[in-house]
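Working notes for the structure below.
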Amino acid sequence: MNRNLRGKDLREKIFETIAAKWPTNVRAVIKEMGMDEMNISNVTKFKYHFDQLARNGRIRVKKIDRALVAWPKEIEKLRVVHQFMRGMD
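Letter by letter, the sequence shown follows residues 100 to 188 in my numbering.
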């Protein structure tokens, strides 16, 4: 991973990783991007970008125990369609 990614470039890379490996959490994304997931600075930085992606409506997040789990918002649309189709039986 290019360790020089910052700001919107880093956020876009995080979103791409979430979209490819959902559902996922902050530490898993950090690890997938080849960085030290035990570094609290990385965790804080990535958590900030998770929050920004959620605020912009690109991902959904849910706190499960101590982990913040995320998945792309488009998956919610598929879930609704699936529920609708199950109701047609």
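The beta carbon of each residue, even a glycine, is placed where N, CA and C say it ideally should be. Keep in mind it's a predicted model, so treat the numbers as computed, not measured.
Would you report the Cα separation of residue 124 and residue 165, rounded to the nearest angstrom? Residue 124 and residue 165: Cα-Cα distance of roughly 10 Å.
Less than 7 Å separating the Cβ of residue 183 from some heavy atom of the ligand MN? Within the structure as shown, the ligand MN is missing, as the structure has no ligands at all.
Cutting at 6 Å between CB atoms, please list the residues of its own chain near residue 153, excluding the five before and the five after it. For residue 153, where only same-chain residues beyond five positions count, the Cβ hits under 6 Å are 160.
Rounded straight-line distance, which links the Cα of residue 187 to that of residue 107: Answer to the nearest angstrom: the Cα atoms are 42 Å apart.
Restricting to Cα atoms, I'd like to know which of 184, 115, 174 and 163 is closest to residue 148. When each option's Cα is compared against that of residue 148, the closest is 115.
Beta-carbon proximity list for residue 185, same chain, < 7 Å, skipping 5 on both sides: For residue 185, where only same-chain residues beyond five positions count, there are no Cβ hits under 7 Å.
State the Cα-Cα distance for the pair residue 177 and residue 170, rounded to the nearest angstrom. Rounded to the nearest angstrom, the gap between the Cα atoms of residue 177 and residue 170 is 12 Å.
Alpha helix (DSSP H) segment containing residue 177, residue limits: Residue 177 -> alpha helix (DSSP H) spans 172-185.
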